[in-house]
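One structure below.
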Amino acid sequence: MQVLILGIGLQGRAALYHLANSPDVEGIIAADSDLERAEAYAERFGGGKARCVRLDAEDHDAVLELMASEVDVVIELLPSYFGEVMAELAIETGVHLVNSSYASEEVLKLDAEAARRGVAILPEFGMDPGIDLVMGAKAIGELDEVQELYSYGGGFPEPEAADNPIKYKISWTFDGVLRSYKRPAHILQDGEVAHIPATDIFAERNIHIIRVDGIGELEAIPNGDALRYVDLFGLGVSLKAMGRFSLRWPGHCAFWKKLVGLGFLNDEPILVGSLEVAPREFLHSLLEPQLQYGDNERDVVFIRIDARGLKAGKSTRIVYDLTDYRDLSTGLMAMNRTVGFTASIGAQMIVHGDIKRRGVLSPARDVDGDVLFGELRKFGVRISRSEEAW
1 MQVLILGIGL
11 QGRAALYHLA
21 NSPDVEGIIA
31 ADSDLERAEA
41 YAERFGGGKA
51 RCVRLDAEDH
61 DAVLELMASE
71 VDVVIELLPS
81 YFGEVMAELA
91 IETGVHLVNS
101 SYASEEVLKL
111 DAEAARRGVA
121 ILPEFGMDPG
131 IDLVMGAKAI
141 GELDEVQELY
151 SYGGGFPEPE
161 AADNPIKYKI
171 SWTFDGVLRS
181 YKRPAHILQD
191 GEVAHIPATD
201 IFAERNIHII
211 RVDGIGELEA
221 IPNGDALRYV
231 DLFGLGVSLK
241 AMGRFSLRWP
251 GHCAFWKKLV
261 GLGFLNDEPI
271 LVGSLEVAPR
281 EFLHSLLEPQ
291 LQYGDNERDV
301 VFIRIDARGL
311 KAGKSTRIVY
321 DLTDYRDLST
331 GLMAMNRTVG
341 FTASIGAQMI
351 VHGDIKRRGV
361 LSPARDVDGD
371 VLFGELRKFG
381 VRISRSEEAW
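In my numbering, the protein residues as written are 1 to 390.
Structural data, given as structure tokens:
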């Protein structure tokens, strides 16, 4: 199997490591605008299978040439705005593609053309979205009737590393974190749709606490539009409550509520001396250097799917949990691992025939959870399931 990775950053290096440690992968092309970084990662993680190429992702002819160079599948881990054009180029060259970004309406519209060309495009296949959707489908499939569905996901420092005022450090792009804090949320409560403005996602009335064995208490923050998954999961009128939530250590929300209220996430520039500066841009520049992990500090990734309903006529609660920690021997963060490993597994599942459908796919519909979970466990990712009366 020959694999092309577009983007050898934090998540791309983890995909590279997983591919290099996958017996069926014979060759890897690692393409990035920063050739020195790609070569350093290839030397450290590539297992002798990788060759590096300098690539400007804006140069579509160069991308096409790489996609057409006898690769079986592409793992695209570029900024999310590249999603549509990279999917189009993959379809044009007839090569399968996996990424970890949310599927835009433009990407979803490529379904018929991808199917016609025999190409699988698998977006939303990282940690969140990705693993969470597969876990959700798994839990839903074990209930006869789903009445409540809650999805939780987060990356945060382990307690020993949560040593700053907001108990948070960066294992993902910090710009992406700040943008997610500006996004409104939509949930289902008591059978009614509740719209939560972006300015209110940190309000105390919208936050709740979950408890996780071995971790402790975490704040759950409304995260985006949960309702877009109702049809995707095939949920019916029995559904009375549904939400997606990000997880942080207690105290995080109170801090950000004040900053949001003071306008620190606004994008409209203000005059600072003789310079115009956007508050969010200033905040990004101020905080990012202070929120980095030390070499011996670990991040934690935790995902929980909590599905409640009827099974064999009895009220039943099914919970899937995933936990991962930074691997200090490789330096790979838990966030890198759960995104990059998952994308690599998805690419190999397509080539191996574990994913058979062609077109624009969804992890919630087209990925076998048992296969995914088994592959993640091989690399030390912990996944558990529990069932109890509800």
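For glycine and all other residues, C-beta sits at the position ideal for the given N, C-alpha and C. None of these values were measured; they are calculated from a predicted model.
Quick check: what's the CA-CA separation for residue i versus residue j?
i    : j    : result
F245 : L108 : 24 Å
S151 : I221 : 11 Å
V193 : E124 : 24 Å
E43  : V71  : 21 Å
I28  : R37  : 16 Å
A389 : S33  : 53 Å
H96  : V119 : 5 Å
P165 : W256 : 11 Å
D366 : R51  : 31 Å
S344 : D306 : 26 Å
F202 : L291 : 20 Å
L286 : L178 : 13 Å
L238 : L232 : Note that residue 238 is Ser in the sequence shown here, rather than Leu. Going from the Cα of S238 to the Cα of L232 covers about 15 Å.
L361 : D354 : 13 Å
A185 : N206 : 10 Å
D295 : L328 : 8 Å
Y325 : G273 : 44 Å
F174 : S22  : 30 Å
A161 : D61  : 44 Å
G46  : G126 : 20 Å
M135 : G9   : 26 Å
V63  : G83  : 13 Å
K311 : R382 : 26 Å
G369 : L19  : 20 Å
D225 : D200 : 14 Å
G359 : A30  : 25 Å
D24  : W172 : 29 Å
L35  : D56  : 10 Å
R403 : M86  : Since the first residue shown for the chain is 1 and the last is 390, residue 403 is missing from the structure and cannot be characterised.
I209 : R117 : 47 Å
E375 : D163 : 33 Å
G380 : L332 : 12 Å
Thinking residue i and residue j are a contact (beta carbons under 8 Å), I'd like their distance in whole angstroms, please.
i    : j    : result
K169 : Y320 : Incorrect: roughly 26 Å between the Cβ atoms, too far for contact.
I187 : M242 : 6 Å
L77  : I5   : 7 Å
A14  : N336 : 4 Å
E26  : M67  : So it is not a contact: roughly 18 Å between Cβ atoms.
A334 : V371 : The Cβ separation is near 21 Å, so there is no contact.
D132 : G153 : 5 Å
E297 : P157 : 7 Å
I75  : V3   : 6 Å
A112 : Y229 : Actually they are not in contact, since the Cβ atoms of A112 and Y229 sit about 22 Å apart, beyond 8 Å.
G7   : G340 : With 8 Å as the limit, G7 and G340 do not qualify as a contact, their Cβ atoms being about 10 Å apart.
Here's the rule I'm using: 16 or more other beta-carbon atoms within 10 Å means buried, otherwise exposed. How should residue i be labelled?
i    : result
H352 : exposed
K314 : exposed
H195 : exposed
I270 : exposed
Y81  : exposed
G141 : exposed
G94  : exposed
E105 : exposed
S386 : exposed
L235 : buried
D190 : exposed
P159 : exposed
V98  : buried
D128 : buried
V260 : buried
S69  : exposed
I303 : buried
D299 : buried
S384 : exposed
G263 : exposed
L16  : buried
K49  : buried
R308 : buried
L89  : buried
L275 : exposed
Counting only beta-carbon atoms, is residue i nearer than 8 Å to chain C?
i   : result
G48 : As a matter of chain content, chain C is missing from the structure shown, which is built from one protein chain.
Three or more C-beta pairs under 8 Å: does that hold for the region 279–289 against the region 337–352? no
Hey, which unbroken runs of the alpha helix (DSSP H) at 4 residues or more fall wholly within the region 34–115? 35–45, 60–67, 83–93 and 105–108
Which complete alpha helix (DSSP H) runs does the region 237–303 hold, if anything under 4 residues is left out? 252–261 and 279–287
Is the region 249–265 touching the region 207–225 in the sense that three or more CB pairs, one from each, lie closer than 8 Å? yes
What ranges does the alpha helix (DSSP H) occupy inside the region 312–345, keeping only unbroken runs of at least 4 residues that lie completely in it? none
As an exercise, report each continuous beta strand (DSSP E) stretch of at least 3 residues that is fully enclosed by the region 137–176, in chain order. 145–157
In chain order, which beta strand (DSSP E) runs of at least 3 residues are fully inside the region 180–219? 185–189, 192–196 and 208–212
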